[in-house]
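Student: So the UniProt record's numbering is basically just the index in the sequence shown, starting at one, shifted up by 18. A virtual CB, placed ideally from N, CA and C, is assigned to each residue, including glycine. Handing you a structure now.
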Amino acid sequence: LSKSEKRLYMSFISFAFIALFIGGLMGLLQVLVRSGHFTLPAGIDYYQVLTVHGVILGLVLTTYFIVGFQYALMGKTVGISDTQRRVAWLGFWIMTIGTVMAAITVLYGKASVLYTFYAPLKAHPAFYIGLALVIVGSWIACFVNWRQLYIWKKKHPNEKSPLLAFMVVINMAMWFIATLGVAGSVLFQFIPWSLGYAATIDVLLSRTLFWYFGHPLVYFWLLPAYMAWYAIIPKIIGGKIFSDSLARLSFVLFLFFSIPVGLHHQLTEPGLDTTWKFIQVVLTFMVVIPSLMTAFSMFATFEITGRKKGYGGLFGWLKHLPWKDVRFLAPFIGMLAFIPGGAGGLINASYQLNTVVHNTIWVTGHFHLTVATTVVLTFFGITYWLVPHLTGRKLTKSMNRLGIIQTIFWTLGMTIMSGAMHIQGLFGGPRRSAYSEYNGTEQVAEWGAYQMAQAIGGSILFIAIIIMLYIFIKLAFFAPKGEEEFPIAEEEIDAEPTPMWLERWKLWIAITIALILFAYTIPIADVIQNAPPGSAPFAWPIGNN
Ligand code: HAS
Numbered sequence: 019l020s021k022s023e024k025r026l027y028m029s030f031i032s033f034a035f036i037a038l039f040i041g042g043l044m045g046l047l048q049v050l051v052r053s054g055h056f057t058l059p060a061g062i063d064y065y066q067v068l069t070v071h072g073v074i075l076g077l078v079l080t081t082y083f084i085v086g087f088q089y090a091l092m093g094k095t096v097g098i099s100d101t102q103r104r105v106a107w108l109g110f111w112i113m114t115i116g117t118v119m120a121a122i123t124v125l126y127g128k129a130s131v132l133y134t135f136y137a138p139l140k141a142h143p144a145f146y147i148g149l150a151l152v153i154v155g156s157w158i159a160c161f162v163n164w165r166q167l168y169i170w171k172k173k174h175p176n177e178k179s180p181l182l183a184f185m186v187v188i189n190m191a192m193w194f195i196a197t198l199g200v201a202g203s204v205l206f207q208f209i210p211w212s213l214g215y216a217a218t219i220d221v222l223l224s225r226t227l228f229w230y231f232g233h234p235l236v237y238f239w240l241l242p243a244y245m246a247w248y249a250i251i252p253k254i255i256g257g258k259i260f261s262d263s264l265a266r267l268s269f270v271l272f273l274f275f276s277i278p279v280g281l282h283h284q285l286t287e288p289g290l291d292t293t294w295k296f297i298q299v300v301l302t303f304m305v306v307i308p309s310l311m312t313a314f315s316m317f318a319t320f321e322i323t324g325r326k327k328g329y330g331g332l333f334g335w336l337k338h339l340p341w342k343d344v345r346f347l348a349p350f351i352g353m354l355a356f357i358p359g360g361a362g363g364l365i366n367a368s369y370q371l372n373t374v375v376h377n378t379i380w381v382t383g384h385f386h387l388t389v390a391t392t393v394v395l396t397f398f399g400i401t402y403w404l405v406p407h408l409t410g411r412k413l414t415k416s417m418n419r420l421g422i423i424q425t426i427f428w429t430l431g432m433t434i435m436s437g438a439m440h441i442q443g444l445f446g447g448p449r450r451s452a453y454s455e456y457n458g459t460e461q462v463a464e465w466g467a468y469q470m471a472q473a474i475g476g477s478i479l480f481i482a483i484i485i486m487l488y489i490f491i492k493l494a495f496f497a498p499k500g501e502e503e504f505p506i507a508e509e510e511i512d513a514e515p516t517p518m519w520l521e522r523w524k525l526w527i528a529i530t531i532a533l534i535l536f537a538y539t540i541p542i543a544d545v546i547q548n549a550p551p552g553s554a555p556f557a558w559p560i561g562n563n
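Pasting the structure below:
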């Protein structure tokens with residue numbers, strides 16, 4: 019990778035780590051408030067803090083890290099031209115201007131609307147315009163990544179595209195199609211409404227468009243972690259990719275089934291027909307399949323590599339895994355966390371069980387296992403080799419040891435916090451609420467211990483964040499100079515050749531669009547047709563004052 023490329027990738031990743039610090043600090047404040055033993059100083063509002071936490075970690079950290087990491091993968095596998103690099107910088111600045119705009123509105127208390135910005139909560143127009151810019155900036159990354167692969171394919175006709183480039187292009191296709199929903203809602207509903215062009219907003223439509231985006235959003239976070247699991251972890255453990263075709267197929271399935279499932283976030287929402295909720299629940303169980311394929315594939319990689327190295331027995335092959343290498347350990351714990359995290363997802367998606375857990379802090383527990391453990395620990399695992407690779411430094415033994423300590427702190431903190439959230443949720447503890455005694459009812463008395471446990475877990479996590487930032491700064495600026503490898507695994511030698519039909523992009527996009535039209539046309543038409551009086555769905559430029 020050239021110097022100028024490295025600078026581009028590092029800028030995205032550095033921004034993600036700044037976000038980690040700010041968002042993590044807000045998380046600490048939240049668990050302390052909810053413990054009932056701490057009040058926010060200087061009239062700061064709980065929901066302001068919660069909005070910063072959700073937006074900065076859920077939207078900013080993830081998007082910056084993912085775009086930076088994916089650029090690095092594309093640069094390594096198919097290359098980036100000077101023009102593409104310049105356009106990528108343009109995307110970076112548009113995203114950054116948008117982030118700063120949104121951040122200022124939240125910090126001034128003008129946008130305490132949480133990361134889902136549900137109407138009828140209203141923010142300052144600059145918040146929505148800022149979000150729109152972040153989306154536009156990320157679209158630029160989509161176009162650049164597609165172009166990179168397109169140019170490569172022109173130069174290599176009849177060759178299958180490199181696995182990681184294939185995966186990045188799928189993730190960006192999914193992201194682009196998904197963000198169309200939220201962009202539509204922001205441009206045609208929220209911005210005119212917050213500017214005062216429209217007096218009302220169709221709440222149900224805005225939420226439906228949000229979740230059309232919001233569910234694929236979670237796979238936009240997950241797929242880069244899967245890229246590392248499929249193609250990078252095998253190299254780190256001294257093995258090969260179990261099956262290139264299986265990996266590609268699982269990504270194609272994610273493209274199909276990530277989007278037409280958003281209604282599973284709205285199962286308790288009135289105004290949406292039950293039949294369509296049920297259909298989207300069925301589709302949700304389809305999107306579980308590629309994750310099960312991934313779990314199978316990872317086990318296979320671990321076992322085959324272990325057995326090749328001469329470790330026998332039923333589980334003897336586990337011994338060969340490089341437990342002392344943080345580049346492996348952090349993502350591996352991420353994988354383990356995804357077993358209960360994914361199981362929790364299946365519970366959420368089960369229509370009847372959803373009525374038990376919806377809007378309880380169980381859901382918060384679920385996504386701290388999935389995104390904040392599985393995905394984030396994998397991102398940390400990537401950081402340990404990618405950052406020194408980009409800065410021309412080395413991950414020293416002592417840094418590796420500190421990384422292992424960091425991973426242990428993160429795991430411990432998250433286990434305590436997320437475990438307590440799951441249990442408290444089953445006792446009816448609500449999510450998204452500041453501390454309250456609810457007039458001292460008996461049920462609330464049961465919650466206290468779990469809220470305290472969350473404060474303890476959250477404090478341990480904050481220590482882990484400080485350690486991670488220390489490691490990041492060290493790897494970026496102070497670690498000894500040297501070469502760190504960019505580990506990309508090869509396929510098993512005896513693997514069947516990958517069939518070329520896996521590259522039928524037009525077909526994959528057509529199936530994706532067909533599934534979306536099937537799952538969403540009637541529910542959205544219904545919502546628009548039966549909108550309550552006065553709530554013009556698309557107010558601008560017509561207006562309905
Ligand atoms: Fe979820 C809510 C359903 C996965 C994130 N989810 C959320 C929210 C977030 C989120 C942020 O159906 C809250 C949104 C909000 O603010 O309201 N989720 C699912 C389902 C899955 C799922 C079915 N979620 C994720 C992932 C996320 C994420 C991934 C982030 C990255 N989720 C829901 C539903 C709700 C929801 C409802 C709404 C709840 C409500 O009522 O509001 C599935 O994708 C999960 C499938 C995964 C598996 C696990 C496979 C295991 C693997 C690990 C293998 C391990 C190995 C190592 C190989 C079935 C791949 C083992 C080695 C050894 C030696 C043991």
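Which same chain residues, not among the five before or five after Thr292, have their C-beta less than 6 Å away from its C-beta?
Tutor: none
Student: Pairs of beta-carbons, one from the segment 258 to 272 and one from the segment 179 to 193, closer than 8 Å: are there three or more?
Tutor: yes
Student: Give the secondary structure of Trp558 by DSSP, where H, G and I count as helix, E and B as strand, and everything else as coil.
Tutor: With a pLDDT of only 43 at Trp558, under the threshold of 50, the placement of this residue in the model should not be trusted, and no figure is reported.
Student: Quick one: measure Cβ to Cβ for Gly280 and Gly232, integer angstroms, because I've assumed they're closer than 8 Å.
Tutor: That pair is a contact at about 6 Å.
Student: Who pairs with Thr378 in a beta bridge, going by DSSP?
Tutor: Pro448
Student: Going by DSSP in three states, Arg25 sits in which element: helix, strand or coil?
Tutor: DSSP places Arg25 in helix when its eight states are reduced to three.
Student: Under the criterion of a Cβ to heavy atom distance below 6 Å, does Ser309 qualify as lining ligand 1?
Tutor: yes
Student: So for Ile62, helix, strand or coil by DSSP?
Tutor: coil
Student: Taking 6 Å as the limit between beta carbons, can you name the residues of its chain near Val78, skipping five residues before and five after?
Tutor: Ala37 and Thr117
Student: Is any non-hydrogen atom of ligand 1 found closer than 6 Å to the C-beta of Leu240, if you look at the structure I gave you?
Tutor: yes
Student: Alpha carbon to alpha carbon, how far is Ser99 from Leu535?
Tutor: 36 Å
Student: Is the separation between the beta-carbon of Phe356 and that of Thr302 shorter than 7 Å?
Tutor: no
Student: On the three-state DSSP scale, how would you describe Glu521?
Tutor: helix
Student: Is it right to say residue 611 is buried, meaning 16 or more other beta carbons lie within 10 angstroms of its own, or is it exposed?
Tutor: Any answer about residue 611 is impossible in this case: the structure gives the chain only from 19 up to 563.
Student: DSSP three-state call for Ile36: helix, strand or coil?
Tutor: helix
Student: In terms of alpha-carbon separation, which member of Val306, Phe145 and Val270 lies closest to Lys524?
Tutor: The shortest C-alpha separation from Lys524 is found at Val270.
Student: DSSP state of Glu509, grouped into three classes?
Tutor: strand
Student: With respect to the alpha helix (DSSP H) encompassing Ile250, which residues constitute its N-terminal and C-terminal limits?
Tutor: Run containing Ile250: none; DSSP gives neither H nor E here.
Student: I need the DSSP call for Lys415, collapsed to helix, strand or coil.
Tutor: helix
Student: I want to check one thing, is the minimum distance from the CB of Phe87 to the heavy atoms of ligand 1 below 6 Å?
Tutor: no
Student: If you follow the alpha helix (DSSP H) that Val186 is in, where does it begin and where does it stop?
Tutor: Leu181 to Ser203
Student: Going by beta-carbon coordinates alone, are Trp239 and Thr134 separated by less than 7 Å?
Tutor: no
Student: Which one of Gln424, Ile365 and Ile379 has the shortest CA to CA distance from Val394?
Tutor: Gln424
Student: Can you list, in chain order, the residues of its chain whose CB lies under 8 Å from that of Thr373, leaving out five sequence neighbours each side?
Tutor: Leu285 and Thr286
Student: Does DSSP classify Ile209 as helix, strand or coil?
Tutor: helix
Student: Are the segment 455 to 466 and the segment 508 to 525 touching by the rule of at least three beta carbon pairs closer than 8 Å?
Tutor: no
Student: Do Ala507 and Ala249 have their C-beta atoms closer together than 7 Å?
Tutor: Taking 7 Å as the Cβ cut-off, Ala507 and Ala249 qualify as a contacting pair.
Student: Use the C-beta contact count for Trp193: other C-beta atoms within 10 angstroms, 16 or more gives buried, fewer gives exposed.
Tutor: buried
Student: Quick check on DSSP: helix, strand or coil for Ile259?
Tutor: strand
Student: Can you give me the Cβ contacts of Ser22 inside the same chain, cut-off strictly under 7 Å, excluding the 5 residues immediately before and after it?
Tutor: Apart from sequence neighbours up to five positions away, the residues of its chain that approach Ser22 with a beta-carbon distance below 7 Å are Arg103, ordered along the chain.
Student: Can you give me the C-alpha to C-alpha distance between Ala25 and Leu408, rounded to a whole angstrom?
Tutor: According to the sequence as given, residue 25 is Arg; it is not Ala. The alpha-carbon atoms of Arg25 and Leu408 are separated by roughly 8 Å.
Student: Taking the C-alpha atoms as reference points, what is the distance between Ala361 and Ala216?
Tutor: 43 Å
Student: If you measure between the beta carbons of Leu151 and Val204, is that distance less than 7 Å?
Tutor: no
Student: Assuming Val96 and Gln166 are in contact, meaning their beta carbons sit under 8 Å apart, how far apart are those beta carbons, in whole angstroms?
Tutor: A Cβ-Cβ distance of about 5 Å is found for the pair Val96 and Gln166, placing them in contact under the 8 Å criterion.
Student: Across which residues does DSSP place Lys499 in a beta bridge pair?
Tutor: Arg411
Student: Report yes if the CB atom of residue 569 is closer than 7 Å to the CB atom of Ile255, and no otherwise.
Tutor: The requested residue 569 is not part of the displayed model; the chain covers only 19 to 563.
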